[in-house]
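K.L.:
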Amino acid sequence: MALRVAGSALILALLFHFVPFAEAWQAMRRLPPLVWLAVLFGYFCAHLAGVTKYKLMLNGAGAGLTFAQAVRCYFAGLFSSLLLPSVAGGDLVKAGLALRLGRSKAGVLLGSLLDRLLDVAVLVALAIAGVVLLPGTLDPADRRMLLIIVAAVMGAGLLAAAVVMLLPARRFSYRTRRQLVRLRRAARSTARRPARVAAALGLGFVTQLGFVTLTTLLAAACGLHLPYRAWLFAWPLAKISAFLPISQAGIGIREAALAALLVPFGAAGGVVVGVGLAWETIVIAAGLISGLISLLIGRLPAAQADPLETGAVER
Numbered sequence: 000m001a002l003r004v005a006g007s008a009l010i011l012a013l014l015f016h017f018v019p020f021a022e023a024w025q026a027m028r029r030l031p032p033l034v035w036l037a038v039l040f041g042y043f044c045a046h047l048a049g050v051t052k053y054k055l056m057l058n059g060a061g062a063g064l065t066f067a068q069a070v071r072c073y074f075a076g077l078f079s080s081l082l083l084p085s086v087a088g089g090d091l092v093k094a095g096l097a098l099r100l101g102r103s104k105a106g107v108l109l110g111s112l113l114d115r116l117l118d119v120a121v122l123v124a125l126a127i128a129g130v131v132l133l134p135g136t137l138d139p140a141d142r143r144m145l146l147i148i149v150a151a152v153m154g155a156g157l158l159a160a161a162v163v164m165l166l167p168a169r170r171f172s173y174r175t176r177r178q179l180v181r182l183r184r185a186a187r188s189t190a191r192r193p194a195r196v197a198a199a200l201g202l203g204f205v206t207q208l209g210f211v212t213l214t215t216l217l218a219a220a221c222g223l224h225l226p227y228r229a230w231l232f233a234w235p236l237a238k239i240s241a242f243l244p245i246s247q248a249g250i251g252i253r254e255a256a257l258a259a260l261l262v263p264f265g266a267a268g269g270v271v272v273g274v275g276l277a278w279e280t281i282v283i284a285a286g287l288i289s290g291l292i293s294l295l296i297g298r299l300p301a302a303q304a305d306p307l308e309t310g311a312v313e314r
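Here the sequence shown stands for residues 0 to 314, numbered as in numbering that gives the first Met the number 0.
1) Express the C-alpha separation of Val38 and Leu216 in angstroms, rounding to a whole number.
2) Within a Cβ cutoff of 7 Å, which residues of the same chain sit near Gly203, ignoring the five residues on either side of it in sequence?
3) Three-state secondary structure (DSSP) at Phe43?
4) If we count the other Cβ atoms within 10 Å of its Cβ and call it buried at 16 or more, is Tyr73 buried or exposed?
5) First and last residue of the alpha helix (DSSP H) that includes Ile252?
6) Could you say which of Arg71, Ser80, Pro32 lies nearest to Gly88 if we only look at CA atoms?
7) Can you check the stretch 34-102 for any alpha helix (DSSP H) of at least 4 residues that lies completely inside it and give the ranges in chain order?
8) Distance check for Val282 and Leu260, CA to CA, integer angstroms please.
9) Would you identify the three-state DSSP class for Pro32, choosing helix, strand or coil?
10) By Cβ distance, which residues of its chain are closer than 7 Å to Met27, with the 5 residues on each side in sequence left out?
11) By how many angstroms is the C-alpha of Gly201 removed from the C-alpha of Met56?
12) Just how far apart, CA to CA, sit Ala23 and Ala1?
13) Please classify Val131 as buried or exposed, where buried requires at least 16 neighbouring CB atoms within 10 angstroms.
14) So which of Phe20, Ala69, Ala75 has the shortest CA-CA distance to Leu291?
15) If you measure between the beta carbons of Phe43 and Ala285, is that distance less than 9 Å?
16) Are Leu236 and Ala267 closer than 9 Å when you measure CB to CB?
17) What's the gap between the Cα of Lys54 and the Cα of Phe78?
18) Can you tell me whether DSSP reads Pro235 as helix, strand or coil?
19) Sorted by chain position, which residues of the same chain lie with C-beta nearer than 6 Å to Ala97's C-beta, five sequence neighbours on each side aside?
20) Roughly how many angstroms lie between the CA atoms of Gly101 and Gly95, to the nearest whole one?
21) Tell me whether Ala194 is buried or exposed, calling it buried when 16 or more other Cβ atoms sit within 10 Å of its Cβ.
22) Please report the distance separating the alpha-carbon of Gly63 from that of Ser289.
23) Let me confirm a value: Gly61 is counted as buried when at least 16 other C-beta atoms fall within 10 Å, else exposed. Which label applies?
24) Given a cut-off of 9 Å on the beta-carbon distance, is the pair Gly269 and Val92 in contact?
25) When burial is assigned at 16 or more other CB atoms within 10 Å of the CB, is Arg253 buried or exposed?
26) Between which two residues does the alpha helix (DSSP H) containing Pro193 stretch?
27) I'd like the list of long-range same chain contacts for Ser111, defined as Cβ closer than 6 Å, with 5 residues on each side in sequence excluded.
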């Protein structure tokens, strides 16, 4: 954690070497407290759609989580992402808690993986939409490269699904065969529910578009006025960059990525960084509140595991 904090500090120090700190600080000071609270409230509303998507994907694979359990796991992941490397650290905590609460470990693992892949696919789709809506932003070669990357990601996902479905389990040890059979059953359970996957995909778009919209409102309050399509292009790519586990909770990387992507649209680099840091305060506050909510929900009977039911399924 000390190394990641140092990484964030180093990135911010390098960033403020190229953009004026006073400009960023002034942008943050323009943000009215009521707007900050409104954005924080909207942030939680967007994450409630994310909770519903998370529950749909895990239960579609057979995890059997109640809504209270899904909220507990999801919010625990939000809190943990503040302390662990990148978003993936929060995903591990979220999956680990769901493994304790769910009826099927294979369903939890597969559902968690599909849920994150769905988020990445939505972010890539939004970035592509931003490119389409911003003619002239990228030259033809860069556009082709972006489409190739998207096609490669989708192909890898389809290949992984095919391997899970078609892998000959009889060639492995008995213990491994049991795990593969459970994973295959979870995959088939998901494949039999295309409407559930489509609904989860729609909720993923609602969640991420909500974040983009909230960021534009926050930016406008800080004095940064850009077309919505510019944020639609830059914000998803900046969020994907935060997956790199070289900083604490993505702090520094997101701001650098946003500045690099938005300055060509005429935005002042210092103001962009100030907006990014203002957004970080939303993320940190929401993460701390999420940890408290997860802890309180964990004391409710509806959010606790049923060991008899779980044991029966695992046997």
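Beta carbons are placed, not taken as given, at the ideal position from N, Cα and C, and that holds for glycine.
Bear in mind the structure is a predicted one, so any value in this text is a computation, not a measurement.
P.N.:
Reading from the atomic positions:
1) On the sequence shown, residue 216 is found 217 positions in, with the first residue counted as 1. On the sequence shown, residue 38 is found 39 positions in, with the first residue counted as 1. It is roughly 8 Å from the alpha-carbon of Leu216 to the alpha-carbon of Val38.
2) Position 204 of the sequence shown holds residue 203. So the qualifying residues of the chain are Lys52, Leu117, Asp118, Val121.
3) Taking the sequence shown and counting its residues from 1, the one referred to as residue 43 is at position 44. If DSSP states are grouped into helix, strand and coil, Phe43 belongs with the helices.
4) If you number the sequence shown from 1, residue 73 lands on position 74. Buried, since its Cβ has 16 or more Cβ neighbours within 10 Å.
5) Within the sequence shown, the letter at position 253 stands for residue 252. 252-261 is the span of the alpha helix (DSSP H), which, as asked, contains Ile252.
6) Within the sequence shown, numbered from 1, the residue matching residue 88 stands at position 89. With distances taken between Cα atoms, Gly88 lies closest to Ser80.
7) 66-79, 85-100
8) Position 261 of the sequence shown, counted from the start, is the residue given in the question as residue 260. Position 283 of the sequence shown, counted from the start, is the residue given in the question as residue 282. C-alpha separation (whole angstroms): 21 Å.
9) The residue given as residue 32 occupies position 33 in the sequence shown. It is helical.
10) Translated into positions along the sequence shown, residue 27 becomes position 28. Result list for Met27: Cys221, Gly273, Leu276, Ala277, in chain order.
11) Along the sequence shown, one-based indexing puts residue 56 at 57. Along the sequence shown, one-based indexing puts residue 201 at 202. C-alpha separation (whole angstroms): 12 Å.
12) Here residue 23 is taken as the residue at index 24 of the sequence shown, counted from 1. Here residue 1 is taken as the residue at index 2 of the sequence shown, counted from 1. Their backbone Cα atoms lie some 25 Å apart in a straight line.
13) For the purposes of this step, residue 131 is identified with residue 132 of the sequence shown, where counting begins at 1. Looking at its Cβ environment, which holds fewer than 16 other Cβ atoms inside 10 Å, Val131 is exposed.
14) Working through the sequence shown from its first residue, we reach residue 291 at position 292. Answer by Cα proximity: Ala75.
15) Here residue 43 is taken as the residue at index 44 of the sequence shown, counted from 1. Here residue 285 is taken as the residue at index 286 of the sequence shown, counted from 1. Contact: yes.
16) For the purposes of this step, residue 236 is identified with residue 237 of the sequence shown, where counting begins at 1. For the purposes of this step, residue 267 is identified with residue 268 of the sequence shown, where counting begins at 1. No; because the gap between Cβ atoms is not below 9 Å, this pair is not in contact.
17) In the sequence shown, counting from the first residue as 1, residue 54 sits at position 55. In the sequence shown, counting from the first residue as 1, residue 78 sits at position 79. Their Cα atoms are separated by approximately 18 Å.
18) Mapped onto the sequence shown, residue 235 falls at position 236. Three-state DSSP puts Pro235 in a helix.
19) Taking the sequence shown and counting its residues from 1, the one referred to as residue 97 is at position 98. These residues qualify, in order along the chain: Cys72, Val107.
20) Mapped onto the sequence shown, residue 101 falls at position 102. Mapped onto the sequence shown, residue 95 falls at position 96. Rounded to whole angstroms, Gly101 and Gly95 show a C-alpha spacing of 10 Å.
21) What you label residue 194 is simply residue 195 of the sequence shown in a count that begins at 1. By the neighbour-count rule (16 or more Cβ atoms within 10 Å), Ala194 is not buried but exposed.
22) Start at 1 with the first residue of the sequence shown, and residue 63 comes out as number 64. Start at 1 with the first residue of the sequence shown, and residue 289 comes out as number 290. For Gly63 and Ser289, the distance between alpha carbons rounds to 22 Å.
23) Within the sequence shown, numbered from 1, the residue matching residue 61 stands at position 62. Counting Cβ neighbours within 10 Å, Gly61 comes out buried, since at least 16 surround it.
24) To locate residue 269, count along the sequence shown from 1; it is residue 270. To locate residue 92, count along the sequence shown from 1; it is residue 93. No, Cβ-Cβ distance for Gly269 and Val92 is not below 9 Å.
25) For the purposes of this step, residue 253 is identified with residue 254 of the sequence shown, where counting begins at 1. Arg253 is buried by the Cβ-count criterion.
26) Taking the first residue of the sequence shown as 1, we reach residue 193 at position 194. 193-220 is the extent of the alpha helix (DSSP H) around Pro193.
27) As a first step, residue 111 must be located in the sequence shown, where it is residue number 112. Excluding sequence neighbours, Ser111 sits near Ala94.
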